[in-house]
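2 protein chains.
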Amino acid sequence: MKSDKVRALECVFNPGAVAVIGASDYDGFSQALLSTKIRDRVFLVNPKRREIHGRRCYASILDIEGDIDYVVIAVPALHVPEVLGECIQKGAEAVHIFTAGFSETGLEERRALEEEVREMARGKVRLIGPNCMGVCCPRSGLTFIPDASTEAGPVGVVSQSGTFAEQFLSVGKLRNVKFSKVVSYGNAIDLDCPDFLEYLAHDPDTEVVALYMEGTRNGNRLRAAMTEAAKLKPVLALKGGVTDHGRRAASSHTGSLAGAPEIWSSLFKQAGVIQVEDFDELLDAALALSCARLPSGKGTAIITNSGGFSVLETDLCIKAGLEVPPFGKETISELRKMVPLAGTSIANPLDAWPIYFNTPGTRGTLADAIRVLSHDENIHSIVLHFDEVGYLRRALGAAVEDYLGELIEVMVQGCRYARDEMGRTVMTCVALDAYSDDEEDRRYHFLAKKALETERFPVYPSLGASIKALSNLYRYASLRSGSHKPARRRPPADASLP
Amino acid sequence: MKSDKVRALECVFNPGAVAVIGASDYDGFSQALLSTKIRDRVFLVNPKRREIHGRRCYASILDIEGDIDYVVIAVPALHVPEVLGECIQKGAEAVHIFTAGFSETGLEERRALEEEVREMARGKVRLIGPNCMGVCCPRSGLTFIPDASTEAGPVGVVSQSGTFAEQFLSVGKLRNVKFSKVVSYGNAIDLDCPDFLEYLAHDPDTEVVALYMEGTRNGNRLRAAMTEAAKLKPVLALKGGVTDHGRRAASSHTGSLAGAPEIWSSLFKQAGVIQVEDFDELLDAALALSCARLPSGKGTAIITNSGGFSVLETDLCIKAGLEVPPFGKETISELRKMVPLAGTSIANPLDAWPIYFNTPGTRGTLADAIRVLSHDENIHSIVLHFDEVGYLRRALGAAVEDYLGELIEVMVQGCRYARDEMGRTVMTCVALDAYSDDEEDRRYHFLAKKALETERFPVYPSLGASIKALSNLYRYASLRSGSHKPARRRPPADASLP
Chain V
1 MKSDKVRALE CVFNPGAVAV IGASDYDGFS QALLSTKIRD RVFLVNPKRR
51 EIHGRRCYAS ILDIEGDIDY VVIAVPALHV PEVLGECIQK GAEAVHIFTA
101 GFSETGLEER RALEEEVREM ARGKVRLIGP NCMGVCCPRS GLTFIPDAST
151 EAGPVGVVSQ SGTFAEQFLS VGKLRNVKFS KVVSYGNAID LDCPDFLEYL
201 AHDPDTEVVA LYMEGTRNGN RLRAAMTEAA KLKPVLALKG GVTDHGRRAA
251 SSHTGSLAGA PEIWSSLFKQ AGVIQVEDFD ELLDAALALS CARLPSGKGT
301 AIITNSGGFS VLETDLCIKA GLEVPPFGKE TISELRKMVP LAGTSIANPL
351 DAWPIYFNTP GTRGTLADAI RVLSHDENIH SIVLHFDEVG YLRRALGAAV
401 EDYLGELIEV MVQGCRYARD EMGRTVMTCV ALDAYSDDEE DRRYHFLAKK
451 ALETERFPVY PSLGASIKAL SNLYRYASLR SGSHKPARRR PPADASLP
Chain S
1001 MKSDKVRALE CVFNPGAVAV IGASDYDGFS QALLSTKIRD RVFLVNPKRR
1051 EIHGRRCYAS ILDIEGDIDY VVIAVPALHV PEVLGECIQK GAEAVHIFTA
1101 GFSETGLEER RALEEEVREM ARGKVRLIGP NCMGVCCPRS GLTFIPDAST
1151 EAGPVGVVSQ SGTFAEQFLS VGKLRNVKFS KVVSYGNAID LDCPDFLEYL
1201 AHDPDTEVVA LYMEGTRNGN RLRAAMTEAA KLKPVLALKG GVTDHGRRAA
1251 SSHTGSLAGA PEIWSSLFKQ AGVIQVEDFD ELLDAALALS CARLPSGKGT
1301 AIITNSGGFS VLETDLCIKA GLEVPPFGKE TISELRKMVP LAGTSIANPL
1351 DAWPIYFNTP GTRGTLADAI RVLSHDENIH SIVLHFDEVG YLRRALGAAV
1401 EDYLGELIEV MVQGCRYARD EMGRTVMTCV ALDAYSDDEE DRRYHFLAKK
1451 ALETERFPVY PSLGASIKAL SNLYRYASLR SGSHKPARRR PPADASLP
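Listed below in structure tokens is the structure:
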């Protein structure tokens, strides 16, 4: 039998009707909710308006006919108790309080206001927030930014920070990361990180969990929830506030007591959670875990077109706990047959420009090179660096358009072979600089990116990012294969209850 | 009196006439050299062709009328001795051997070929390479990639890797890094890293030196050259091959003996050189050192619009050796007057969205906030995060175009005040993702970037990059202010001679 909390969360993620209290022409929630398939079940509330975005606007939630399951409150903090009272009267299941200006201000009267809100809701309605962006669920259409991807996918995100959750959605969309649920929980006066985590652990739509947190009110509950979730699926965590100044910043952001970094690291380790160091690493690892095959070992082959970068990226692999082993004799002899000596390095990393120039159908294409590497028993993963557009444009002139199409096809063929026939992990980098301003160049790169994404390969804008993501895949593979010792101190069975 | 070597290097960077031996329709050197102001002094050589790119093509360098100072050799390795002989006969001052396939292959016969080339040139002509891209000098027009910036600037680069040097030029162009000289020296059988470094140390056009190296043949000479240069200007260094596998990769890339990482780190430290960890950090630090004011202390203020990121970036500052101190009482009281309580954090980092929405002319603009911070005596540097385009577009609709123009102007005003009136270091981040595909959004970001660059502020695509670059500015400021102890073991006076 489902607990009340699970039922409430199911309603949170898949609400029947939704109301936005404090709707305006410019509030992001109205714009966002009216842009998805949930739009016909969205009701706007603002006593000062009759109509917003061409929709009827109600003076109070109590004026809406029919039930309202889920409410977004976006009115100034001092008005929150009043409208919350009306939500309770209306019988809403869950209320998301977007409004900030509570305990995180550090002011006593605002702390008291937060406490008042908590007490009002207790036993009557579940709360998300205050001071947060709330919930996005592409499957139901519930969302908090207008341009989030509407396509559902395997990544579940639980974030204490709202902009962090927004960034996950917006950058995730660019990187082909697709989400089951994204939650920003803010001050968490009722529903808290462990609640969402427990839900995602058992959510069949969620295959990977990514956490961002600055602190917790209940370390034991959090440990229990993380341990349980990490038994069922990969859980990644980023902890903000690991330095003294960072902790002070966290306190004025979400009012969190952040705790010593060593305690957190050991908590994550005990729970079998993979701790990462920054936003990009978290997003990149989530992408890898949501679509790449787990590597069966550390052995990594790098295919690149730059000697200097191949040296630096090899260093990076080693620092990240991977290996870049020499190729076997047979691999080298096969590669020698297809690649000339000068300006190439028939070694690992493979720095062999001609494989990008040999046309499909001839011997020594990119696909041939990938095939040869994937037969090497020391190689468990292949990291492919696609950064040839500039060279090819210079060398081929107008012919580059057709040629690139063929090269991309050959590249995808090779990657598919390595993954599907040989069971290798394949990571790809389609190198682009953030400030690149050559639209033609960007278009060619996007062709390669799209082709790889369509075949469900993880694509990264830098070789460093793809290597870091591979190392996190490998960390998870090692945890799964049992090199990870589970926490000795098991939480008591009822530790997951509040 | 200038040494022969210095005279040769002056000719290398500012050659009269240049020949490309092995020119073709598609070789990058011909394309590059014919695209700059040096074009009229460029001669193409290829016995199989009569004309390339509409220019006469000579069968041999000996057929060219008049002197040739500088030659690019781009013929297969086995032909190099023959054409080098002709260059010597022609009386060329310096020859750049692009061709690869020498000692870096690890093959004995290729090692012998390299030795033969070295012996041929000894005392007759100076060599750059083989296995490298050679020299780019925007001031003279000498270059090796067609789309390098033609605008000269303060950064000198000496790189063992060719693609690394190319990347410096191409990414540098996107990031507003301008170069005095960029050298890729490869196998360095004659002119080597210390030679170029000595030259750049005394080159009045070079204000910052960036090095990439994988190994050296002569540690004492390198130490002496680095020590000398670092006394005169900031020297940044990135060492490739700091792990076992990385060293193996370096060996097959440039035939370098890479040495233990601790030896290199201590060498850099002794010499007063700032060691960095990756390509982006090197480029970003070079940009900072080429245009930002040196910080007079660690105290850093961050202005952002994201609570979650402000926590993470504070952690990053601390890890990078900076501080994010609390603001003084007066600063907080001034800020409180202009920023409402809810959803903001009047603390350091300053997370105060209304300052991006208050129109110029009203109280509480971005410029006002920057001005207030720049008066705080604990604050030596300001890191400004510009990431508002998405919000502003949603909130303002079509009015965003005009508003953004005003906001950018106000932002630049504030930054100028902090730097020029208050002597603060100002770093800026105009946040863009590499895979961002919204052209309108990119255009708005480029407006902000351009406006800041025009006023010579360093601009970075991520807040993390701007913080890392600030930390390297601070490292250099500390070295200069004498917290750095110079190396005890001074090199002998003639150590700079080969």
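Those protein sequences? They're chains V and S, same order as listed.
Numbering follows my numbering, with no gaps: position 50 of the first sequence is 50.
Remember, my numbering sits 1000 above the position in the second sequence when you count from 1.
C-beta: ideal position from N, C-alpha, C; glycine also.
- Using 8 Å as the Cβ pair cut-off and three pairs as the minimum, do the segment 1370-1380 of chain S and the segment 120-136 of chain V touch? no
- Task: Measuring only between beta-carbons, confirm whether residue 439 (chain V) sits less than 9 Å from chain S.
- Result: yes
- Item | Identity of the residue in S:1401, S:1370 and S:1075 nearest residue 1355 (chain S) by Cα | S:1370
- Message: Contact defined as beta carbons within less than 8 Å: I believe residue 1071 (chain S) pairs with residue 1092 (chain S). What is the distance between those atoms, to the nearest angstrom?
- Response: 5 Å
- Item | With 16 other Cβ atoms within 10 Å as the buried cut-off, status of residue 1216 (chain S) | That one is buried.
- Identity of the residues DSSP links to residue 202 (chain V) by a beta bridge: None, per the DSSP bridge assignment.
- Task: Report the rounded CA-to-CA distance for residue 201 (chain V) versus residue 154 (chain V), giving the unit in angstroms.
- Result: 12 Å
- Listed in chain order, which residues of the segment 150-164 of chain V have Cβ atoms closer than 8 Å to some Cβ of chain S? 159, 160, 161, 162, 163 and 164
- Query: With respect to the beta strand (DSSP E) encompassing residue 1239 (chain S), which residues constitute its N-terminal and C-terminal limits?
  - Reply: Run containing residue 1239 (chain S): 1235-1239, per the beta strand (DSSP E) assignment.
- Range covered by the alpha helix (DSSP H) that runs through residue 427 (chain V): Here residue 427 (chain V) belongs to no alpha helix (DSSP H); instead the beta strand (DSSP E) covers 425-430.
- Task: Starting from residue 355 (chain V), trace the alpha helix (DSSP H) both ways and give me its first and last residue.
- Result: From DSSP, the alpha helix (DSSP H) with residue 355 (chain V) extends over 354-357.
- Task: Ignoring anything shorter than 4 residues or poking outside the segment 1030-1112 of chain S, list the alpha helix (DSSP H) runs there in chain order.
- Result: 1080-1090
- Task: Output the distance between the C-alpha atoms of residue 18 (chain V) and residue 64 (chain V), rounded to the nearest integer angstrom.
- Result: 11 Å
- Message: For residue 32 (chain V), tell me which candidate among V:137, V:406, V:359 and V:316 has the shortest Cα-Cα distance.
- Response: Residue 32 (chain V) has its Cα closest to that of V:137, out of V:137, V:406, V:359 and V:316.
- Express the C-alpha separation of residue 168 (chain V) and residue 145 (chain V) in angstroms, rounding to a whole number. 11 Å
- Contacting positions in the segment 299-329 of chain V - beta carbon closer than 8 Å to chain S: 305, 306, 307, 308, 309, 310, 311, 312, 314, 315, 316, 317, 318, 319, 323, 324, 325 and 326
- Message: Let me see if you follow: with CB-CB separation under 9 Å, is residue 464 (chain V) close to chain S or not?
- Response: yes
- Closest by C-alpha distance to residue 1053 (chain S), when choosing among S:1077, S:1278 and S:1023: S:1023
- Message: Can you tell me where the alpha helix (DSSP H) holding residue 1446 (chain S) begins and where it ends?
- Response: Residue 1446 (chain S): member of the alpha helix (DSSP H) spanning 1439-1454, first to last residue.
- Any idea what DSSP makes of residue 1487 (chain S), helix, strand or coil? Caution applies to residue 1487 (chain S), whose pLDDT of 38 falls short of 50 and renders its modelled position unreliable; the value that the coordinates give is listed next. Of the three classes helix, strand and coil, the one that applies to residue 1487 (chain S) here is coil, per DSSP.
- residue 1393 (chain S): buried (16+ other C-beta within 10 angstroms of its C-beta) or exposed? buried
- Query: Could one say the Cβ of residue 115 (chain V) lies closer than 9 Å to chain S's Cβ atoms, at least one of them?
  - Reply: no
- Cutoff 9 Å: residue 1031 (chain S) Cβ touching any chain V Cβ: yes
- Message: Quick test of the definition: if touching needs 3 or more C-beta pairs under 8 Å, does the segment 434-451 of chain V touch the segment 1166-1186 of chain S?
- Response: yes
- Which full runs of the alpha helix (DSSP H) of 4+ residues lie inside the segment 1136-1214 of chain S, going along the chain? 1162-1174 and 1193-1202
- State the Cα-Cα distance for the pair residue 1221 (chain S) and residue 1333 (chain S), rounded to the nearest angstrom. Cα-Cα distance, rounded: 57 Å.
- In whole angstroms, what is the alpha-carbon distance linking residue 1005 (chain S) and residue 1185 (chain S)? 15 Å
- Query: Does the beta carbon of residue 1446 (chain S) sit closer than 9 Å to a beta carbon anywhere in chain V?
  - Reply: Closer than 9 Å to some Cβ of chain V, the Cβ of residue 1446 (chain S) qualifies, so yes.
- Query: Apart from the five residues on each side of it in sequence, which residues of its chain come closer than 8 Å, Cβ to Cβ, to residue 11 (chain V)?
  - Reply: Within the same chain, and ignoring the five residues on either side of residue 11 (chain V) in sequence, the residues whose Cβ sits closer than 8 Å to its Cβ are 69, 70, 93 and 94.
- Task: Return the residue from the list V:443, V:466 and V:300 that minimises the CA-CA distance to residue 376 (chain V).
- Result: V:300
- Message: So, at 8 Å on beta carbons, what are the nonlocal neighbours of residue 1020 (chain S) in its own chain, with the 5 sequence-adjacent residues on each side left out?
- Response: 1027, 1029, 1030, 1033, 1042, 1043, 1044, 1045, 1071, 1072 and 1074
- With which residues is residue 459 (chain V) paired in a DSSP beta bridge? V:428
- Query: Is the Cβ of residue 495 (chain V) closer than 9 Å to any Cβ of chain S?
  - Reply: Model confidence at residue 495 (chain V) stands at a pLDDT of 33, short of 50, so the residue's coordinates are unreliable and nothing is read from them.
- Task: Identify the continuous alpha helix (DSSP H) that holds residue 265 (chain V) and give its terminal residues.
- Result: 261-271
- Helix, strand or coil: how does DSSP classify residue 498 (chain V) here? Unreliable placement is indicated for residue 498 (chain V), whose pLDDT of 28 sits below 50; the coordinate value is still reported in the next sentence. In the three-state DSSP reduction, residue 498 (chain V) falls in the coil class, being neither helix nor strand.
- Query: Roughly how many angstroms separate the alpha carbons of residue 194 (chain V) and residue 225 (chain V), rounded to a whole number?
  - Reply: 5 Å
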